[in-house]
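Asker:
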Amino acid sequence: MRDPIDLLRSNLEKQFRLYTDQLTELTAYSRQPGRGGYDRDTLTALTGSARQSLADTAQALQRMAEGSYGRCERCTGDIPLERLEILPHARFCVPCQRQQTG
Ligand SMILES: [Zn+2]
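Count the sequence shown with the working numbering and you get residues 45 to 146, in order.
This is the structure:
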């Protein structure tokens with residue numbers, strides 16, 4: 045059986061490239077007079093979220109290298125694999141995530 049971490053790592057690497065491309069594209073748009081058809085606020089919001097996602101993904105890859113990947117940063121419990129498959133850069137387990145945002 046394959047180690048699920050291998051799959052998650054390749055998902056994260058894919059995600060990392062995707063957000064990098066997205067950010068490059070959005071940055072290019074912001075320098076164009078027509079901003080690629082986006083209004084200023086939308087472009088700012090998209091750039092911010094792409095940058096955040098890129099940082100989250102980079103941190104997840106870092107945690108994977110350090111061996112702390114898949115551990116909740118709040119309660120230090122294991123984040124269930126099903127959650128990591130949906131959200132490979134998750135930093136918290138579901139209950140902790142709810143408390144963070146709620
Ligand atoms: Zn937790």
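Backbone N, C-alpha and C define an ideal beta-carbon position, used for all residues, glycine too. Predicted model, so just to flag it, every value in this text is computed and none were measured.
1. Say the cut is 7 angstroms; is the CB of residue 48 nearer than that to a heavy atom of ligand 3?
2. Could you check whether residue 98 and residue 63 sit closer than 8 angstroms to each other, using their CB atoms as the reference points?
3. Rounded C-beta distance between residue 67 and residue 101? I'm assuming under 8 angstroms.
4. In its own chain, which residues sit with a C-beta less than 8 angstroms from the C-beta of residue 57, not counting the 5 before and 5 after it?
5. May I ask whether a heavy atom of ligand 1 can be found less than 7 angstroms away from the beta carbon of residue 121?
Answerer: In brief:
1. Within the structure as shown, ligand 3 is missing, the only ligands being ligand 1.
2. Taking the first residue of the sequence shown as 1, we reach residue 63 at position 19. Taking the first residue of the sequence shown as 1, we reach residue 98 at position 54. Annotated as proximal: residue 63 and residue 98, with beta-carbon spacing under 8 angstroms.
3. Along the sequence shown, one-based indexing puts residue 67 at 23. Along the sequence shown, one-based indexing puts residue 101 at 57. With a Cβ gap of about 11 angstroms, residue 67 and residue 101 do not count as contacting.
4. Residue numbering aside, residue 57 sits at position 13 when the sequence shown is read from its first letter. Non-local beta-carbon contacts of residue 57 in its own chain, meaning distances under 8 angstroms to residues more than five positions away in sequence, involve 105 in chain order.
5. Taking the first residue of the sequence shown as 1, we reach residue 121 at position 77. Distances taken from the Cβ of residue 121 to the heavy atoms of ligand 1 include one shorter than 7 angstroms.
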